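One structure is given here, and the rest of the page talks about it.
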Amino acid sequence: MSELTGTRNRGNAKMNRDNLFRELRQIVGDQYVLVEKEDVIVYEQDGSIMQVLPEVVVLPGSTEQVAGVVRAARRANVPIVPRGSGTGLAGGAVPAEGGVVISLARMNRILELDLRDRIAVVEPGVINQDVTKAVAAGGFFFAPDPSSQAACSIGGNIANNSGGPHTLAYGVTTNHVLGVEVVLDDGRVVWLGGRAPDPPGYDLCGAFVGSEGTVGIVTKAVLRLMRSRESVRTLLAIFDRMDAATQTVVDITGAGIVPAALEMMDRLTIEAVETGAPVGYPRDADAVLLVELEGVRESTERGARVVQEICTRRGARGVRVAQDDAERLRLWKGRKGAFGALGALAPNYYVQDGVVPRSRLPEIMRQIADISARYHLRIANVFHAGDGNLHPNILFDIRIPGELDKVIAAGEEILRACVAAGGSITGEHGIGLEKKAYIGLLFSDVDLDAMAKVRKVFDPDGRFNPAKMFPTPITCAEMRRAPAKIPAGLWI
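Under the numbering used here, read the sequence shown as residues 8 to 499, first letter to last.
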């Protein structure tokens, strides 16, 4: 849509826009409708490399206000772009075709904690980590823990079906959401799922989780809480060869051990962490594995011994076992802060999110090293090795002419290599804008048509988060080379 109002009649555009802005102010209040450039510019980008300056950002404070904004946008025939904390890494919160950006940051209340039934009812703007903080004293936690968990919101986690380091043992967000309250395209409010697990009938809550804002807006969520484990053992294994580290991952899981987390960082990532906020990782290592075991004490002690033996047998030059919570938290601080630490090495990075079977990890890491050499680009790898979810971070400087084109091409090669190895183009970050050109690598036209029909049931007019997830004629590279083709001035 070339105008906010979705009309080609420029004579009526300003009047329609002013009418919409007036109606939005009546719904949420003047201070929660942002239209000035200095106010909306902070909403032009999420954690991806995509940018579009919004024309209007609305911050509702309740389900009723969200429904009112959706109805107003429908009457004006404009797109709706839901936004959480803006930490997404695939362009999902970027207003690619204009319209109304609905920020859910004000809806940040934990509404109910029921430890007897092990559930929490929260609004979408609640920060992920705050759920665990609220229940930790009672011996519970919320399992999905993206690396951005100190900043990312539950609504965004639900939209992208986010994972995190502990996905290996506990699963992704969809495994921990029992029900969602959703505002549909016509402003109706419905519940999908509920407070009880495994209800009969179609799993509509499961269909909603991971839909990336394309079928509705979540306004409440019922989350499953888990009981804290009796014992936690955290180990850092140090390797002089990446091949040995990746093969160790295969051996650990092949031995029947399922760690709560099994993370890997390469030399470049270690350099970034130790340069920005040192935690004691060895700078001269080619790779380190961070292994965490949870459960009853006897099980974690035995598992720790087996992991140490496997690491040593595969050539680890040392295995460090955290002796207390302080040391454990210090090791995790480095891993959780790795993405941000990459700013010490380059002004920009482009993160990929491919997945491969664990047995193909040694092979895919060699391919990534080859891609890095051929494109003359540094690639820092920090990823969820236990479930084969890669995060190659391609470092670059956007100010260098032609550099971004190389970065996008290298990223595409990595994703194609993952699919060729029997994997996927995303494990937790979603498709969004950045990967929609590649979704055809995984699904046939018949598959994609079936998905589009599901979307149409919820959102017949396609106004929720348009231009996301599904292929369009414009690829990432084409967006750079032919910006005049991009609706609403999309550029990267």
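Virtual Cβ for every residue (Gly too), placed ideally from N, Cα, C.
The structure presented is a predicted model; accordingly, all values stated were derived computationally and were not measured.
Three-way DSSP call (helix, strand, coil) for residue i in this model
i, result
"leucine 27", "helix"
"proline 490", "Residue placement at proline 490 cannot be trusted, given a pLDDT of 33 that sits under 50; what the coordinates show is reported in the next sentence. Three-state result, proline 490: helix."
"threonine 94", "coil"
"arginine 406", "coil"
"glutamine 254", "helix"
"aspartate 273", "strand"
"tyrosine 177", "helix"
"glutamate 305", "helix"
"lysine 140", "helix"
"glycine 261", "helix"
"tyrosine 50", "helix"
"serine 451", "coil"
"arginine 17", "Bear in mind that a pLDDT of 40 at arginine 17, under 50, signals an unreliable position, so the number given afterwards is only what the model happens to contain. Arginine 17: helix per DSSP, three-state reduction."
Distance between beta carbons of residue j and residue i, contact taken as under 8 Å
i, j, result
"asparagine 472", "glycine 220", "4 Å"
"glycine 393", "valine 256", "7 Å"
"phenylalanine 477", "leucine 455", "6 Å"
"alanine 294", "methionine 271", "6 Å"
6 Å Cβ shell around residue i - same chain, five flanking residues per side excluded
i, result
"valine 414", "Tyr357, Ile401, Phe403"
"alanine 279", "Ala348, Leu349, Ala351, Leu352"
"alanine 484", "Reliability fails at alanine 484, whose pLDDT of 46 lies under 50, so the model's placement of it is uncertain and the value that follows must be treated cautiously. Here the set comprises Ile415."
Span of the beta strand (DSSP E), counted from its first residue to its last, around residue i
i, result
"leucine 185", "184-190"
"phenylalanine 390", "386-390"
"leucine 368", "Element bounds for leucine 368: not the beta strand (DSSP E) but the alpha helix (DSSP H), 368-382."
"glycine 200", "196-200"
Residues of its chain near residue i, where Cβ-Cβ distance is below 7 Å and the 5 sequence neighbours each way are ignored
i, result
"isoleucine 421", "Gln359, Gly361, Ile375, Ile378, Pro399"
"proline 369", "Asp250, Thr253, Gln254"
"isoleucine 34", "Gln72, Gly75, Val76, Ala79"
"arginine 462", "Thr221, Val222"
Contact set for residue i: own chain, Cβ-Cβ below 8 Å, skip 5 residues either direction
i, result
"alanine 284", "Lys340, Gly341, Gly344, Ala348"
"aspartate 25", "none"
"asparagine 168", "Val179, Thr180, Thr181, Val216, Gly217, Glu435, Gly437"
"glycine 194", "Ala74, Gly75, Val77, Arg78, Arg81"
"threonine 433", "Ala97, Asp360, Gly361, Val362, Lys442"
"valine 142", "Leu120, Leu122, Ala127, Phe148, Phe149, Leu232"
"alanine 311", "Arg240, Leu242, Leu300, Val328"
Among the options, the one whose alpha carbon lies nearest that of residue i
i, options, result
"histidine 391", "Val133, Glu299, Val187", "Glu299"
"arginine 327", "Tyr288, Val363, Met114, Arg321", "Tyr288"
"glycine 171", "Ile161, Asp152, Phe28", "Asp152"
"aspartate 331", "Pro364, Val35, Asp291, Thr241", "Thr241"
"alanine 158", "Val142, Gly132, Phe148, Thr174", "Gly132"
"arginine 90", "Ile432, Arg125, Gly163, Ala428", "Gly163"
"cysteine 212", "Gly194, Gly186, Ala100", "Gly186"
"threonine 307", "Ala333, Val265, Ala323", "Val265"
"isoleucine 386", "Phe450, Gly393, Ser69, Arg373", "Arg373"
"glutamine 38", "Leu66, Ser55, Pro207, Val239", "Leu66"
"glutamine 72", "Arg32, Val295, Glu441, Gly429", "Arg32"
"valine 229", "Ile117, Val101, Pro364", "Ile117"
"leucine 275", "Ala176, Gly261, Arg290", "Arg290"
First through last residue of the alpha helix (DSSP H) which encompasses residue i
i, result
"isoleucine 446", "From DSSP, isoleucine 446 is part of no alpha helix (DSSP H); its letter is neither H nor E."
"arginine 335", "332-343"
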